[in-house]
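In my numbering, the protein residues as written are 53 to 179.
Down below is the structure, laid out as structure tokens.
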């Protein structure tokens, strides 16, 4: 039950951070492209790569901390379902090029961020 509480707390924090990121992105960059969703997905991909590598390859994170950060915070932060909905909305509106750009940027940048997260975890642990 304690682990469930940590996941729920992390999910709340991640969801709040997602909301704030979306609001900030819309204010700073406009609403013509789903920047907030892209930012949280790329950042979340980096963070989950880092946390999982550090958590599994060392004793730096307890299993509960890893669960809190990955299933909780990153689960609440990243937004595949939102990405899907926004991309379909762009297609519905006839913004095919913007939808394809969102698809390509999300996939490429999130994979790249995940690789960077793994590399950061390896560098952090010295190997």
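The C-beta atom is built at its ideal place from N, Cα and C for all residues, glycine as well.
DSSP three-state assignment for residue i, whether helix, strand or coil
| i | result |
| --- | --- |
| residue 85 | coil |
| residue 179 | coil |
| residue 146 | coil |
Minimum C-alpha distance to residue i - residue among the options
| i | options | result |
| --- | --- | --- |
| residue 156 | 93, 174 and 54 | 93 |
| residue 173 | 97, 58 and 53 | 97 |
| residue 142 | 154, 133 and 132 | 154 |
Buried/exposed call for residue i, threshold 16 Cβ in 10 Å
| i | result |
| --- | --- |
| residue 165 | buried |
| residue 151 | buried |
| residue 106 | buried |
C-alpha gap between residue i and residue j, whole angstroms
| i | j | result |
| --- | --- | --- |
| residue 99 | residue 86 | 20 Å |
| residue 111 | residue 140 | 42 Å |
| residue 83 | residue 77 | 8 Å |
| residue 147 | residue 56 | 41 Å |
| residue 53 | residue 118 | 16 Å |
| residue 167 | residue 114 | 22 Å |
Inter-residue CB distance, residue i and residue j (contact presumed, cutoff 8 Å)
| i | j | result |
| --- | --- | --- |
| residue 101 | residue 178 | About 17 Å separates the two Cβ atoms, so there is no contact after all. |
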